[in-house]
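What follows is a short report on a single structure.
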Amino acid sequence: NNNGSSSSKTTMPLGEEVEQDIKREVLTNLLDYLSERIQADRHFAFLRARKVLSRSDTEEISYQSTRRRQAERLIEFLELHPFGLDGLLSSLQHEGTQKHIVDRLNN
1 NNNGSSSSKT TMPLGEEVEQ DIKREVLTNL LDYLSERIQA DRHFAFLRAR KVLSRSDTEE
61 ISYQSTRRRQ AERLIEFLEL HPFGLDGLLS SLQHEGTQKH IVDRLNN
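In structure tokens, the structure reads:
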């Protein structure tokens, strides 16, 4: 008996939903900062391996005319994925060259 509630379908618990909203907000608020510092294509393989991006996502990002626009488009895709911020953090840590960005994202 689900008492007419549609919440029995696959949805995130409220706490997880709030956490995902906060993570999306972090990416949105730091869009300019990240766009100036991230080279999108360096993260493609890692994010595709983690199923955060698809091949078509990376192709669409690559079609952008400038490095900054590519980074902006990457962030837009990451905002849509439940593990977008986590994936970017993991990729940055895996790359190991931009610790200052990891520190900024974690604050």
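Note that full-length UniProt numbering gives residue 107 to position 107 of the sequence shown, counting from 1, and the numbers run on in steps of one.
Beta carbons: idealized from backbone N, C-alpha and C, even for Gly.
Taking C-beta atoms as the reference points, residue 27 and residue 79 count as a pair closer than 7 Å. The region 90-106 makes no contact with the region 57-76; the number of CB pairs closer than 8 Å stays below 3. Your pair residue 72 and residue 31 checks out as a contact, with CB atoms roughly 7 Å apart and the cut at 8 Å. In the three-state DSSP reduction, residue 106 falls in the helix class (H, G or I). In this model, residue 98 and residue 92 are separated by some 6 Å (Cα to Cα). By a beta-carbon distance limit of 8 Å, residue 36 does not contact residue 69. Their separation comes to about 12 Å. Look at residue 33 here: in three-state DSSP terms it is helix. The Cβ atoms of residue 50 and residue 87 sit closer than 7 Å to each other.
Residue nearest to residue 16 within the set 90, 89, 82 is 82 (criterion: CA-CA distance).
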